Amino acid sequence: MNATERVAQLREEIARHNRAYYVEDAPLIPDADYDDLVRELRALEAAHPELRRLDSVTESVGASVATTPFAPVVHAEPMLSLDNVFSLEELEAWGARSARALGTEPGAVRFAVEPKIDGLALSIVYRDGALTRAATRGDGRVGEDVTANVRTIPNVPATLADAPRRVEVRGEVFLAPEDFVALNERQRALGEREFANPRNAAAGSLRQKDPTVTASRPLSFLAYQLVGEIEGRFTTHTETLSRLAEWGFLVAPETRRVEGVAAMVERSTWFEDHRHDLAYQIDGIVIKLDDLAERARLGSTSRAPRWAIARKLPPEERTTRLVAIEVSIGRTGRATPYAVLEPVTIAGSTVALATLHNEDQVALKDVRPGDLVIVRKAGDVIPEVVGPVAEPGRRRARAWRFPQRCPECAAPLVRRAGESDTYCVNPHCPAQLLQQIVHFCSRTALDIEGFGEQRVGQLIEAGLVHDVADLFDLDPEAIASLEGLGELSARQLVAAARAARAAPLSRVLVGLGIRHVGPVAARLLARRFGDVDALASAPLEALEAVEGVGPVIAGSVHLYFREPETLERITRLKAAGLTLREGSGEAPVAATLAGRAVVVTGTVVGYSREAAEAAIQARGGTAPGSVSKKTYCVVVGEAPGAAKVRRAEELGVPRIDAGQFETLLETGAWTTTLP
Ligand code: IVH
Numbered sequence: 007m008n009a010t011e012r013v014a015q016l017r018e019e020i021a022r023h024n025r026a027y028y029v030e031d032a033p034l035i036p037d038a039d040y041d042d043l044v045r046e047l048r049a050l051e052a053a054h055p056e057l058r059r060l061d062s063v064t065e066s067v068g069a070s071v072a073t074t075p076f077a078p079v080v081h082a083e084p085m086l087s088l089d090n091v092f093s094l095e096e097l098e099a100w101g102a103r104s105a106r107a108l109g110t111e112p113g114a115v116r117f118a119v120e121p122k123i124d125g126l127a128l129s130i131v132y133r134d135g136a137l138t139r140a141a142t143r144g145d146g147r148v149g150e151d152v153t154a155n156v157r158t159i160p161n162v163p164a165t166l167a168d169a170p171r172r173v174e175v176r177g178e179v180f181l182a183p184e185d186f187v188a189l190n191e192r193q194r195a196l197g198e199r200e201f202a203n204p205r206n207a208a209a210g211s212l213r214q215k216d217p218t219v220t221a222s223r224p225l226s227f228l229a230y231q232l233v234g235e236i237e238g239r240f241t242t243h244t245e246t247l248s249r250l251a252e253w254g255f256l257v258a259p260e261t262r263r264v265e266g267v268a269a270m271v272e273r274s275t276w277f278e279d280h281r282h283d284l285a286y287q288i289d290g291i292v293i294k295l296d297d298l299a300e301r302a303r304l305g306s307t308s309r310a311p312r313w314a315i316a317r318k319l320p321p322e323e324r325t326t327r328l329v330a331i332e333v334s335i336g337r338t339g340r341a342t343p344y345a346v347l348e349p350v351t352i353a354g355s356t357v358a359l360a361t362l363h364n365e366d367q368v369a370l371k372d373v374r375p376g377d378l379v380i381v382r383k384a385g386d387v388i389p390e391v392v393g394p395v396a397e398p399g400r401r402r403a404r405a406w407r408f409p410q411r412c413p414e415c416a417a418p419l420v421r422r423a424g425e426s427d428t429y430c431v432n433p434h435c436p437a438q439l440l441q442q443i444v445h446f447c448s449r450t451a452l453d454i455e456g457f458g459e460q461r462v463g464q465l466i467e468a469g470l471v472h473d474v475a476d477l478f479d480l481d482p483e484a485i486a487s488l489e490g491l492g493e494l495s496a497r498q499l500v501a502a503a504r505a506a507r508a509a510p511l512s513r514v515l516v517g518l519g520i521r522h523v524g525p526v527a528a529r530l531l532a533r534r535f536g537d538v539d540a541l542a543s544a545p546l547e548a549l550e551a552v553e554g555v556g557p558v559i560a561g562s563v564h565l566y567f568r569e570p571e572t573l574e575r576i577t578r579l580k581a582a583g584l585t586l587r588e589g590s591g592e593a594p595v596a597a598t599l600a601g602r603a604v605v606v607t608g609t610v611v612g613y614s615r616e617a618a619e620a621a622i623q624a625r626g627g628t629a630p631g632s633v634s635k636k637t638y639c640v641v642v643g644e645a646p647g648a649a650k651v652r653r654a655e656e657l658g659v660p661r662i663d664a665g666q667f668e669t670l671l672e673t674g675a676w677t678t679t680l681p
């Protein structure tokens, strides 16, 4: 292939990846591989100037927004990208070049060294101190209007005190790693697709047509740039960051102003050493000239400023042996292939299983049982198989084929045309039933103790349970005869299930696994309609009219109660003695935390993460994913996030022991703070 052909091929490939990444939020290859493609194209364009084109992907940023459902917003100043370096030598050379261009000594240039947050860029415009418009980057010139969604992000200030007539704040929307894990747990519980990494989850959450869906996602915003009417008001970048922090924005507390190229390089290695200790996922370090006048002198290309550079950090990767590829069946019947690995330690934890997402991903990666494979944590959280390592001379197994039958019930597995997921469509598949019942009994739902995966599996196998309604009608004698169970534990199980018959309707709604209905929406609906009959017969408009319930949730609930199986199931639950009402007998909770932001980090005994957040929200508070000056207090549970605790300490936000959580909910106050 000659250079002309290769350039054309690279352009096409990069454009395809841009679309997948920016428009579909579903990247096809790891970022590092994408960077390699862009680097190769840029090298070819440099060697063959006649092949350069103004519209080449190397000259522009991101993807065109022509194909999105959001209104276009033309950025007042283009949102540029950053040029990358990968080694310390390249970084040092950039520093020295900048000094030369400014006519200064390398030891005298002042830099700001910041974390490069792995999220998506956002511009927020305030007029006369009020948030008026928020937009994604799009292609850098035209972005997408996501104002309604951004208004739901808890740590984005709605108003700014003493602000100039127009200010524009730019920064990154992201999901904190622990919020990402919790979100995926919830997605799994709701039977919805799990996200591949925090960046995709943040992008998918921000680019929702229904702001109530965005509101239910624990997004955070970190500000890194102030643009607009700032000339004359500030002389350095770090001053603008201080102003942003005063306005209530989260700015990176790890950012340092340093003098000289050597100190700048050194601070960048600090980030490399501490990348896993931060409250956010980083994929590199951004170094900027601190002096705004110097920035203006260096200027920008059409793609990126000359006054800033990103040093990209490679993801942590390990090689290990792929033992087998297996398929698991979820609550909705989705069949997900996963890799069984020889255990290996990556970024601090042992990895033995890794999702392979779907059939196409396995084919694309071409991994086969027995292969030596590269494994990494996607966004440093979820283990992911990158691909096989070539082992010359070793014979590989045949390419893996997706099983044609469900490994649990042997019914055919079905992949519909145009879809990437494969399903077991047998409504009586025991694996689906197992997951449905485990979910029904889980803490977020009816919270019935003792019904874990193993126990429920036994009950199904023994033919004692065919449906969630059977749980309330269990025969203690039959249970006592199962392996590992005696009379006492049988009685306890039966009693636990019976006691759950009085559970409020909202918990039952969560347990039924209606798409998009999590604890918050379930409570809003249950409170509004009071009992299941009123909810089931509510017209779509009435569902949509519930404050906090958007069209997506309303549509899903409406559809759910029109299915004949649903009505059958409700009839059975009623017959089993469930009350299916909200509020009966329960004292209404007081708004003890009205308008207060309470951050929970780590586990609070007796509460799942969702339950703790729901308890705070039920009392009028918010439960954001990160700590800011406005945080009322931080509840420190077991195994808390070190960064959140440290941030609270730095900002002087009270840290309280999880033992005081109940007191906090009841009274809105606590008696002692952590030392
Ligand atoms: S400054 C003109 N600072 O990285 C300079 N960007 O690869 C614009 N990013 O589009 C960006 N952390 O989405 C800047 N501390 C930081 C950043 C940061 C993450 C993102 C941003 C930008 C992309 C460029």
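Sequential numbering from 7 applies to the sequence shown in the numbering used here. All C-beta atoms, glycine included, are put in the ideal place defined by N, C-alpha and C. Quick caveat, the model's predicted, so the values are computed rather than measured.
message: Is R686 close to the ligand IVH? I mean its beta-carbon at under 7 Å from any heavy atom of the ligand.
response: Any answer about residue 686 is impossible in this case: the structure gives the chain only from 7 up to 681.
message: Taking the straight line between their C-alpha atoms, what separation do you get for S590 and G626?
response: Within the sequence shown, the letter at position 584 stands for residue 590. Within the sequence shown, the letter at position 620 stands for residue 626. Bear in mind that a pLDDT of 45 at S590, under 50, signals an unreliable position, so the number given afterwards is only what the model happens to contain. In a straight line, the C-alpha of S590 is about 21 Å away from that of G626.
Cα-Cα separation, A82 to A528: The count along the sequence shown starts at 1 and reaches residue 82 at position 76. The count along the sequence shown starts at 1 and reaches residue 528 at position 522. The C-alpha of A82 lies about 41 Å from the C-alpha of A528.
- prompt: Helix or strand or just coil, what does DSSP make of L88?
  reply: Sequence index remark: in the sequence shown, residue 88 carries index 82 (1-based). L88 carries a coil assignment under DSSP once its states are collapsed to helix, strand and coil.
- prompt: Along the chain, where does the beta strand (DSSP E) that runs through C684 open and close?
  reply: Past the edges of the chain, shown from 7 to 681, lies residue 684, and the structure says nothing about it.
query: Beta carbon of L86: closer than 7 Å to some heavy atom of the ligand IVH?
result: What you label residue 86 is simply residue 80 of the sequence shown in a count that begins at 1. In this structure, the C-beta of L86 approaches the ligand IVH to less than 7 Å from one of its heavy atoms.
message: My output table needs one value for P436: the three-state DSSP class, helix, strand or coil.
response: Numbered from its first residue, the sequence shown carries residue 436 at position 430. Residue state, collapsed to three classes: helix.
task: Report the partner residues of P663 according to the DSSP bridge assignment.
output: Walking along the sequence shown from the start, residue 663 turns up at place 657. According to the sequence provided, residue 663 is Asp. The question's Pro does not apply to it. Answer by DSSP bridge pairing, in chain order: V642.
query: Is Q231 near the ligand IVH, judged by its Cβ being under 7 Å from some heavy atom?
result: Reading the sequence shown from its first residue, position 225 is the one you call residue 231. For the ligand IVH, at least one heavy atom lies less than 7 Å from the Cβ of Q231.
task: Run the proximity test for V292: is its beta-carbon closer than 7 Å to any non-hydrogen atom belonging to the ligand IVH?
output: Stepping through the sequence shown from its first residue, residue 292 is reached at position 286. Yes; taking the cut-off as 7 Å, the Cβ of V292 has a heavy atom of the ligand IVH nearer than that.
- request: Tell me whether P321 counts as near the ligand IVH, meaning its Cβ is closer than 7 Å to at least one heavy atom of that ligand.
  value: Residue numbering aside, residue 321 sits at position 315 when the sequence shown is read from its first letter. Answer for P321: no, Cβ out of range of the ligand IVH.
task: Decide if the region 332-341 is in contact with the region 169-188; the criterion is three or more beta carbon pairs, one per stretch, under 8 Å apart.
output: Counting Cβ pairs under 8 Å, fewer than three are found: no touch.
- prompt: Would a C-beta distance cut-off of 8 Å place V381 and P394 closer than the cut-off?
  reply: Here residue 381 is taken as the residue at index 375 of the sequence shown, counted from 1. Here residue 394 is taken as the residue at index 388 of the sequence shown, counted from 1. Against a cut-off of 8 Å, the Cβ pair of P394 and V381 comes out as no contact.
field: Same chain, Cβ closer than 6 Å to A77, five either side skipped, listed in chain order
entry: The residue you call residue 77 lines up with position 71 of the sequence shown. If we look at A77 and ignore the five residues flanking it on each side, its Cβ neighbours are D151.
task: Please determine, among G463, V516, R504, E265, the residue with the shortest C-alpha to C-alpha distance to G490.
output: Sequence index remark: in the sequence shown, residue 490 carries index 484 (1-based). Of the candidates G463, V516, R504, E265, the one whose C-alpha sits nearest the C-alpha of G490 is G463.
query: Under the three-state reduction of DSSP, which class applies to Q231: helix, strand or coil?
result: Stepping through the sequence shown from its first residue, residue 231 is reached at position 225. Reduced to three states, the DSSP call for Q231 is strand.
field: Per DSSP, the bridge partner or partners of G290
entry: By one-based count along the sequence shown, residue 290 stands at place 284. Per DSSP, K122, K318.
task: Work out the CA separation of S426 and Y566 for me, nearest whole Å.
output: Your numbering for residue 566 matches position 560 in the sequence shown. Your numbering for residue 426 matches position 420 in the sequence shown. Taking the straight line joining both Cα atoms gives about 24 Å.
- prompt: In chain order, what residues of the same chain lie with their CB nearer than 6 Å to the CB of V500, ignoring the 5 residues before and after it?
  reply: As a first step, residue 500 must be located in the sequence shown, where it is residue number 494. The beta carbon of V500 lies closer than 6 Å to those of L480, P482 in the same chain, with the five residues before and after it left out.
- prompt: With burial defined as no fewer than 16 other Cβ atoms inside 10 Å of the residue's Cβ, what is the status of M270: buried or exposed?
  reply: Sequence index remark: in the sequence shown, residue 270 carries index 264 (1-based). That one is buried.
Contacts around L378, its chain only, beta-carbon distance under 8 Å, and the 5 residues preceding and following it disregarded: The count along the sequence shown starts at 1 and reaches residue 378 at position 372. Around L378: T325, T326, R327, L328, P394, V395, E397.
- prompt: Does the distance from the CB of A506 to the CB of L452 come in under 8 Å?
  reply: For the purposes of this step, residue 506 is taken as the residue at position 500 of the sequence shown. For the purposes of this step, residue 452 is taken as the residue at position 446 of the sequence shown. In this structure, L452 lies closer than 8 Å to A506 by Cβ.
message: To the nearest angstrom, how far is the alpha carbon of L515 from that of R521?
response: Translated into positions along the sequence shown, residue 515 becomes position 509. Translated into positions along the sequence shown, residue 521 becomes position 515. Roughly 10 Å between the two C-alpha positions.
- request: Please find out if some non-hydrogen atom of the ligand IVH comes closer than 7 Å to the beta-carbon of K122.
  value: Locating residue 122 in the sequence shown gives position 116, counting from the first residue. At least one heavy atom of the ligand IVH lies less than 7 Å from the C-beta of K122.
message: Could you compute how far the alpha carbon of E655 sits from the alpha carbon of P224?
response: Taking the first residue of the sequence shown as 1, we reach residue 655 at position 649. Taking the first residue of the sequence shown as 1, we reach residue 224 at position 218. About 22 Å.
message: According to DSSP, is L671 part of a helix, a strand, or is it coil?
response: Position 665 of the sequence shown, counted from the first residue, corresponds to residue 671. Correct three-state label for L671: helix.
- prompt: Quick one: does the C-beta of E198 sit closer than 7 Å to a heavy atom of the ligand IVH?
  reply: Here residue 198 refers to the residue found at position 192 when the sequence shown is read from its first residue. At a cut-off of 7 Å, the beta-carbon of E198 does not count as near the ligand IVH: no heavy atom of the ligand is closer than that.
- request: Just mark P183 as buried or exposed, buried being the case when its beta carbon has 16 or more other beta carbons within 10 Å.
  value: Counting from one through the sequence shown, the residue named residue 183 turns up at place 177. Using a 10 angstroms sphere on the CB of P183, the tally of other CB atoms reaches 16 or more, which defines it as buried.
query: For the region 295-307 against the region 396-410, are there 3 or more C-beta pairs whose distance is under 8 Å?
result: No: the two stretches stay apart, fewer than three of their Cβ pairs being nearer than 8 Å.
query: Taking 7 Å as the line, does the beta carbon of P311 fall inside it for any heavy atom of the ligand IVH?
result: Position 305 of the sequence shown, counted from the start, is the residue given in the question as residue 311. Correct: P311 has its Cβ closer than 7 Å to the ligand IVH.
- request: On the DSSP bridge assignment, give the partners of S104 in chain order.
  value: For the purposes of this step, residue 104 is taken as the residue at position 98 of the sequence shown. Answer is none; S104 lacks a bridge partner.
Same chain, Cβ closer than 6 Å to Q666, neighbours up to 5 away in sequence not counted: By one-based count along the sequence shown, residue 666 stands at place 660. Excluding the 5 residues flanking it on each side, Q666 has same chain C-beta neighbours closer than 6 Å at W676, in chain order.
Limits of the alpha helix (DSSP H) - the one that V552 falls within: Residue numbering aside, residue 552 sits at position 546 when the sequence shown is read from its first letter. Run containing V552: none; DSSP gives neither H nor E here.
query: Looking only at its own chain, which residues have a Cβ that is under 6 Å from the Cβ of T10, when we skip the five neighbours before and after it?
result: Counted from its first residue, the sequence shown places residue 10 at position 4. Once the five neighbours on either side are set aside, T10 has no close Cβ partner at all.
message: Starting from V267, trace the alpha helix (DSSP H) in both directions and tell me its first and last residue.
response: For this step, residue 267 is matched to residue 261 along the sequence shown. Start and end: 267-280.
- prompt: Is L295 helix, strand or coil by DSSP?
  reply: Taking the first residue of the sequence shown as 1, we reach residue 295 at position 289. Under the three-state reduction of DSSP output, L295 falls in the strand class.
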